[in-house]
Amino acid sequence: MAVITSQAPPKGDNSITVTDNRTGKTIVIPITHNAIPATAFKALKAPVPKTEDGIDTDDTANGIRIFDPAYLNTAAISSKITFIDGDKGFLMHRGYPIEQLAEKSDFLETAYLLIYGDLPAKQQYDLWKYEVMHHTFLADDLTKLIGSMRYDSHPMSVFISAFAAMGAFAPEANPALQGRNLYINNKDIMNKNIIRILGKAATVAAFSMRVRMNRPFISPRADLGYAENMLYMMDSMSEGENYKPDARLARALEILFILHADHEMNCSTSTMTHVGSSLVDPYSAVAASAAALYGPLHGGANEAVIRMIEKIGSVENVPKFLADVKEKKELLFGFGHRVYKNTDPRSKIIKEVSETVFEACGREPLIEVAIALKDAALADPWFVEKKLYPNVDYWSGLIYKAMGFPLDFYPILFAVPRVAGWLAHWKQALDTSGAKIWRPRQVYVGEKLRDYIPMEQRAAKEIVDSKDGVKELPHYQSKRRLGAKL
Numbered sequence: 011m012a013v014i015t016s017q018a019p020p021k022g023d024n025s026i027t028v029t030d031n032r033t034g035k036t037i038v039i040p041i042t043h044n045a046i047p048a049t050a051f052k053a054l055k056a057p058v059p060k061t062e063d064g065i066d067t068d069d070t071a072n073g074i075r076i077f078d079p080a081y082l083n084t085a086a087i088s089s090k091i092t093f094i095d096g097d098k099g100f101l102m103h104r105g106y107p108i109e110q111l112a113e114k115s116d117f118l119e120t121a122y123l124l125i126y127g128d129l130p131a132k133q134q135y136d137l138w139k140y141e142v143m144h145h146t147f148l149a150d151d152l153t154k155l156i157g158s159m160r161y162d163s164h165p166m167s168v169f170i171s172a173f174a175a176m177g178a179f180a181p182e183a184n185p186a187l188q189g190r191n192l193y194i195n196n197k198d199i200m201n202k203n204i205i206r207i208l209g210k211a212a213t214v215a216a217f218s219m220r221v222r223m224n225r226p227f228i229s230p231r232a233d234l235g236y237a238e239n240m241l242y243m244m245d246s247m248s249e250g251e252n253y254k255p256d257a258r259l260a261r262a263l264e265i266l267f268i269l270h271a272d273h274e275m276n277c278s279t280s281t282m283t284h285v286g287s288s289l290v291d292p293y294s295a296v297a298a299s300a301a302a303l304y305g306p307l308h309g310g311a312n313e314a315v316i317r318m319i320e321k322i323g324s325v326e327n328v329p330k331f332l333a334d335v336k337e338k339k340e341l342l343f344g345f346g347h348r349v350y351k352n353t354d355p356r357s358k359i360i361k362e363v364s365e366t367v368f369e370a371c372g373r374e375p376l377i378e379v380a381i382a383l384k385d386a387a388l389a390d391p392w393f394v395e396k397k398l399y400p401n402v403d404y405w406s407g408l409i410y411k412a413m414g415f416p417l418d419f420y421p422i423l424f425a426v427p428r429v430a431g432w433l434a435h436w437k438q439a440l441d442t443s444g445a446k447i448w449r450p451r452q453v454y455v456g457e458k459l460r461d462y463i464p465m466e467q468r469a470a471k472e473i474v475d476s477k478d479g480v481k482e483l484p485h486y487q488s489k490r491r492l493g494a495k496l
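Per the working numbering, the very first residue in the sequence shown carries number 11; after that it's consecutive.
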């Protein structure tokens, strides 16, 4: 809460002093965890300007707003889940460094840590794993829905559609049917659906792959590990086949899942908390988050890396490519990060995992181009000054390619583990006392008040570009139909 004062506090006080030069009013805002509340600026109110229509579109009477397009420096929540030091290239979950989790943990244990705050004891872990792996089956009608998708559907379209529909198969988990505070008052229901979603995410992913391959679905196996079961459902040739995925690849995928499980308030995670703040069911919120992850600026980045390296083609072409990047003739993918200003710690771990995958599947030829590109960029002052270091997407795509996954499946391999992070932030938000629906404000810069003009009195406006209005689109008809009109 801001304090209005005429005197600044002494130097060293844990606060900031802001003076509104329009009015001379001074407020003191306390600093907590190196952050200040944006609502404190509502105290800085200036006289409402007089306008011809009597409407102040700047809303001056309600104080100053903080304008921050794309959330470049706005904290929307306080969280205990993930911490990132972008300058040092450091990442930890609930206090545990990502390097330790990648080396010693598995995905389900890391998911438990993210969601419930601590590493589970053996009895807790055994029960947790049992429940998740025994909630991997999908309802028959949901399976039919996934099976009805086109073979050339993007796997993320299948994933989003499946989760959007999944809530219809759990009416007891829908606050719209059971009461708005269902997940606030009933933690058993919350935990049950967390388990359901985690268990079914890998099955939906595997089924989306089977649709792509035009192969029948393979039922999940509860006796396998999480990533191992997903590989089994994707690669087994027939129901009941005594097939077991390569242990090296299963472990590699587990590590990749740990690295992708959570990454603070990224686009898809903030979507989960934003949509979840309406108290909608978690299946709908996961579908919305998956849609956010689908975009090429988020979950599709590792796919873009592979296309870039394929386009470079050989080590000899790296210098010219980097020169073209500097001249803005080419785009550089897999380098730089919104948060990290140093090497992404996950990229170091993935680089080590790649050797295990290459041992099992053969060395990916593009790795030599990737290494040459990385070395050349890190030796070039232009890239170093801009703090463009390899991120997690740079190496993960090469591993997925070596494992034989198609390019359009890469976002799915991101989405499945990120479900754990989404659920952790969703649960944290609902558990937080006084959680409110998210409703960002805006700065209005549009037209002032104007009167409606009847259509016949409006002057025609020339449409020069699609931003100015809708142009007439071509409507194609078959020659048979056109011929019938003659």
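The C-beta atom is built at its ideal place from N, Cα and C for all residues, glycine as well.
Among the candidates the options, whose CA atom is the shortest distance from the CA of residue i?
i: F424; options: N184, L263, D78, E466; result: L263
i: P181; options: S171, Y293, L383; result: Y293
i: L101; options: H270, A80, P185; result: H270
i: I268; options: L123, P130, G127; result: L123
i: A382; options: L332, E337, M413, P306; result: L332
i: I503; options: T279, D30, Y462; result: Residue 503 falls outside the range modelled here, since the chain spans only 11 to 496, and no answer is possible.
i: P306; options: E326, S158, D403, R258; result: D403
i: R225; options: D478, I156, I37; result: I156
i: I37; options: I14, Y420, L234; result: I14
i: T153; options: P416, K489, G456, P230; result: P230
i: F51; options: V480, T33, N72; result: N72
i: K98; options: F173, H347, N44, D198; result: H347
i: A86; options: M159, G456, I228, A439; result: A439
i: P20; options: R32, L187, P40, G34; result: P40
i: I265; options: E482, D68, V367; result: V367
i: A45; options: G209, G493, I26; result: I26
i: F345; options: M318, S158, R220, I359; result: M318
i: T283; options: T67, K446, G456; result: K446
i: R460; options: A56, G22, I65; result: I65
i: K250; options: F227, E238, A257; result: Residue identity check: residue 250 is Gly in the sequence provided, not Lys. It is F227.
So residue i packs on residue j, CB below 8 Å; how close in whole Å?
i: M244; j: A216; result: 5 Å
i: A298; j: V285; result: 5 Å
i: F117; j: Y242; result: The Cβ separation is near 15 Å, so there is no contact.
i: D418; j: P165; result: 6 Å
i: A212; j: M240; result: 4 Å
i: S278; j: A302; result: 4 Å
Drop a sphere of 10 angstroms on the beta-carbon of residue i, count the other beta-carbons inside from all chains shown, and report buried for 16 or more, exposed for fewer.
i: G431; result: buried
i: M465; result: exposed
i: F169; result: buried
i: R428; result: buried
i: Q452; result: exposed
i: W392; result: exposed
i: M223; result: exposed
i: H103; result: buried
i: A260; result: buried
i: N24; result: exposed
i: T42; result: exposed
i: L82; result: exposed
i: T209; result: Note that residue 209 corresponds to Gly in the displayed sequence, not to Thr. By the neighbour-count rule (16 or more Cβ atoms within 10 Å), G209 is buried.
i: K114; result: exposed
i: D291; result: buried
i: P375; result: exposed
i: A300; result: buried
On the DSSP bridge list, what partners appear for residue i?
i: I37; result: I14, V28
i: I94; result: L101
i: F345; result: P400
i: A45; result: T42
i: P107; result: M102
Requested in this report: Taking 8 Å as the threshold, find out whether the segment 396 to 405 comes into contact with the segment 340 to 357 through three or more Cβ pairs.
Outcome: Cβ pair count under 8 Å is three or more, so yes.
**Report entry** Three or more C-beta pairs below 8 Å linking the segment 312 to 327 and the segment 364 to 375
**Finding:** Result no; under three Cβ-Cβ pairs closer than 8 Å.
Requested in this report: For the segment 141 to 154 and the segment 194 to 209, state whether three or more C-beta atom pairs, one from each stretch, are separated by less than 8 Å.
Outcome: Remark: three or more beta-carbon pairs, one from each stretch, lie closer than 8 Å, so the segment 141 to 154 and the segment 194 to 209 are flagged as touching.
Query raised in the report: Is the segment 334 to 349 touching the segment 453 to 472, taking contact as three or more C-beta pairs under 8 Å?
Result: Below 8 Å, too few C-beta pairs join the segment 334 to 349 and the segment 453 to 472 to call them touching: fewer than three.
Query raised in the report: Just checking, does the segment 273 to 289 make contact with the segment 382 to 394 on the three C-beta pairs under 8 Å criterion?
Result: Output reads no: the segment 382 to 394 does not touch the segment 273 to 289.
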